[in-house]
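Q: The following block contains the structure, expressed as structure tokens.
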Amino acid sequence: MLRRPLAGLAAAALGRAPSDDTTRDPRPGEENGKDYYFVTREVMQRDIAAGDFIEHAEFSGNLYGTSKAAVRAVQAMNRICVLDVDLQGVRNIKKTDLQPIYIFVQPPSLEVLEQRLRQRNTETEESLAKRLAAARVDMESSKEPGLFDLVIINDSLDKAYWTLKEALSEEIKKAQGTGLS
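Quick note on numbering that gives the first Met the number 0: the sequence shown kicks off at 0 and runs consecutively.
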């Protein structure tokens, strides 16, 4: 639910958040290369097999992932890279030599998440059930010691945004202090 405001913050303060690749169809209003890179399953599986992704996961029958090229593009601008990944992605990135901060933005409850998803009117009953089941696992996993550096409850978009902005500002200050801006 913070993806669009986060993208704005990343563009203004951090450079940009790389667009993930996905095999799902675009939703109304989404643009290829802006919201995601929409690719075929065959292309994405080939690129995963070639080692071109720092993380990838399957969710609701679709592949999602962050390519090494997208991260390198942000690094080439001497910026901090912000990734929007699921729990599988977090666990995959923890296996790399990257040293990111891990922030989990979660809904106040599964009931609130269900209400928000229904209001978007983009989910079938089947996909809604899958998303809620995955969210339940994610919310439980967020309690696992050491998995996340910060958990933000998205009960108010403004409050969640400012909490996230403050955390990212602290990371920018740390990076500037070490000459890694």
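From the three backbone atoms N, C-alpha and C, an ideal C-beta is built for every residue, glycine too.
So Phe-58 packs on Asp-85, CB below 8 Å; how close in whole Å?
A: Within the sequence shown, residue 58 is the residue found at index 59, counting from 1. Within the sequence shown, residue 85 is the residue found at index 86, counting from 1. Right, their Cβ atoms sit about 6 Å apart.
Q: What residue range is occupied by the uninterrupted alpha helix (DSSP H) comprising Tyr-160?
A: Indexing the sequence shown from 1 puts residue 160 at position 161. Its alpha helix (DSSP H) spans residues 156-176.
Q: From what residue to what residue does the beta strand (DSSP E) around Leu-149 run?
A: On the sequence shown, residue 149 is found 150 positions in, with the first residue counted as 1. Segment 149-152, the beta strand (DSSP E) holding Leu-149.
Q: Figure out for me which residue from Ile-151, Phe-103, Ala-134, Leu-97 has the closest Cα to the Cα of Leu-112.
A: Position 113 of the sequence shown, counting from 1, holds the residue named residue 112. Ranking the options by Cα distance to Leu-112, first place goes to Ala-134.
Q: Spatial neighbours of Ser-126 within its chain, please: CB distance less than 7 Å, with the 5 preceding and 5 following residues excluded, ordered by chain position.
A: Here residue 126 refers to the residue found at position 127 of the sequence shown. So the list reads Ser-59, once near-sequence residues are dropped.
Q: Comparing C-alpha positions only, which one of Asp-34, Leu-163, Leu-62 sits nearest to Asn-197?
A: With the chain covering only 0 through 180, there is no way to say anything about residue 197.
Q: When the distance is taken between beta carbons, is Leu-62 closer than 8 Å to Arg-45?
A: If you number the sequence shown from 1, residue 45 lands on position 46. If you number the sequence shown from 1, residue 62 lands on position 63. No, Cβ-Cβ distance for Arg-45 and Leu-62 is not below 8 Å.
Q: Could you compute how far the alpha carbon of Gln-105 sits from the alpha carbon of Val-42?
A: Start at 1 with the first residue of the sequence shown, and residue 105 comes out as number 106. Start at 1 with the first residue of the sequence shown, and residue 42 comes out as number 43. So the two alpha carbons sit approximately 31 Å from each other.
Q: Leaving out the 5 sequence neighbours to the left and right, which residues in its chain are closer than 7 Å to Leu-131 when beta-carbon positions are compared?
A: Taking the first residue of the sequence shown as position 1, residue 131 is located at position 132. So the qualifying residues of the chain are Leu-109, Leu-112, Glu-113.
Q: In three-state DSSP terms, what is Ala-69?
A: Counting from 1 along the sequence shown, the entry for residue 69 is found at position 70. Three-state result, Ala-69: helix.
Q: Could you tell me whether the stretch 142-157 touches the stretch 91-106, using the rule of 3 or more Cβ pairs below 8 Å?
A: Yes, since at least three Cβ pairs between the stretch 142-157 and the stretch 91-106 fall closer than 8 Å, the two stretches touch.
Q: Would you tell me roughly how many angstroms separate the C-alpha atoms of Lys-158 and Asp-83, rounded to the nearest one?
A: Start at 1 with the first residue of the sequence shown, and residue 158 comes out as number 159. Start at 1 with the first residue of the sequence shown, and residue 83 comes out as number 84. If you take the alpha carbons of Lys-158 and Asp-83, they lie about 19 Å apart.
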